[in-house]
Amino acid sequence: GCLPPLIAMLNSVKTALQLQSTGVLRNLSVKMENKLTMVQEGSLPPLVRLLESPEEEVQLQVCVVLRNLAVNASNKVKMVQANVLPALLKLLRSPNLRVQEQACATCQNLSVNNDNKLKLIEEGGIRAIVLLLSVQDLAVSEHAAGAL
652 GCLPPLIAML NSVKTALQLQ STGVLRNLSV KMENKLTMVQ EGSLPPLVRL
702 LESPEEEVQL QVCVVLRNLA VNASNKVKMV QANVLPALLK LLRSPNLRVQ
752 EQACATCQNL SVNNDNKLKL IEEGGIRAIV LLLSVQDLAV SEHAAGAL
């Protein structure tokens, strides 16, 4: 299938390749039947690493992919096990509102699982999310409210 080469491209040092692969994965992650397969094929470790990218567009694309993957109940657990929360919580303080929005939306999807909600609390996520309630951006504050 197309997933192994796309996942391999996530490990590239070239931003253009990272953006191309995350763009395709973003599109694939919309379909329910792809969500579990993408995680099973090993997409989480490189995606979690790319949350730390200095490029805001890469951060944004990765957050959207993770947001989409987090709709699947099994993926919610695997994502937190892959240590996605610390990087997501860091992105809640991004100067880019779209990155904040997508990181918060991902936290919202993850927090539907009660164990993940506890992990979010342990990681200090509640404070970071509460701060976003006062952001003058409706999408960001709506996702913040939803994550709580």
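The sequence shown stops at residue 799 when you use this note's numbering, and every number in between is there.
Beta carbons are placed, not taken as given, at the ideal position from N, Cα and C, and that holds for glycine.
Remember, it's a predicted structure, so these values are computed and weren't measured experimentally.
Problem - N- and C-terminal bounds of the alpha helix (DSSP H) containing Ser672 - result: Position 21 of the sequence shown, counted from the first residue, corresponds to residue 672. Unbroken alpha helix (DSSP H) run through Ser672: 666–679.
Practice task
Measure the CB-CB distance between Gln751 and Arg718 and report whether it falls below 8 Å.
Solution key: Counting from 1 along the sequence shown, the entry for residue 751 is found at position 100. Counting from 1 along the sequence shown, the entry for residue 718 is found at position 67. The answer is no: Cβ separation not under 8 Å.
Practice task
Would you kindly report the start and end of the unbroken alpha helix (DSSP H) that includes Glu707?
Solution key: In the sequence shown, counting from the first residue as 1, residue 707 sits at position 56. Looking at the DSSP string, the run of the alpha helix (DSSP H) that includes Glu707 is 707–720.
Handout entry: Candidates Asn747, Gln759, Glu692, of which the one nearest Val731 by Cα
Key = As a first step, residue 731 is located in the sequence shown; it is residue number 80 there, counting from the start. Closest option to Val731, Cα to Cα, is Gln759.
Practice task
Pick helix, strand or coil for Pro696, following the three-state DSSP scheme.
Solution key: Sequence index remark: in the sequence shown, residue 696 carries index 45 (1-based). In this structure, Pro696 counts as helix in the three-state DSSP scheme.
Handout entry: Separation of Thr757 from Arg744, as counted between CA atoms
Key = Working through the sequence shown from its first residue, we reach residue 744 at position 93. Working through the sequence shown from its first residue, we reach residue 757 at position 106. Distance between the alpha carbons of Arg744 and Thr757 is about 14 Å.
Practice task
On a CA-only basis, which of Leu670, Thr688, Ser762 is nearest Pro655? Give me that one, please.
Solution key: As a working note, residue 655 is residue 4 in the sequence shown. That would be Thr688, whose Cα lies nearest to the Cα of Pro655.
Exercise for the section: Using only alpha-carbon positions, find the residue among Cys653, His794, Val664 that is nearest to Ser680. Expected result: Taking the sequence shown and counting its residues from 1, the one referred to as residue 680 is at position 29. The candidate whose alpha carbon is nearest that of Ser680 is Cys653.
Problem - Residue nearest to Gln669 in terms of C-alpha spacing, selected from Val781, Ser785, Pro697 - result: Here residue 669 refers to the residue found at position 18 of the sequence shown. Closest option to Gln669, Cα to Cα, is Pro697.
Practice task
Using alpha carbons as the reference points, say which of Gly674, Ile772, Val715 lies closest to Arg749.
Solution key: Residue 749 sits at position 98 when you count from the first residue of the sequence shown. Here the closest residue by C-alpha is Val715.
Problem - Ala683 burial status per 10 Å Cβ neighbour count (16 or more: buried) - result: Residue 683 sits at position 32 when you count from the first residue of the sequence shown. It should be noted that the sequence gives Met, not Ala, for residue 683. It counts as exposed.
Exercise for the section: Assuming Ser663 contacts Leu676 (C-beta within less than 8 Å), just tell me the rounded distance between them. Expected result: Taking the first residue of the sequence shown as 1, we reach residue 663 at position 12. Taking the first residue of the sequence shown as 1, we reach residue 676 at position 25. The Cβ separation is near 13 Å, so there is no contact.
Handout entry: Backbone secondary structure at Pro655 - three-state DSSP
Key = Residue numbering aside, residue 655 sits at position 4 when the sequence shown is read from its first letter. Here Pro655 sits in helix by DSSP.
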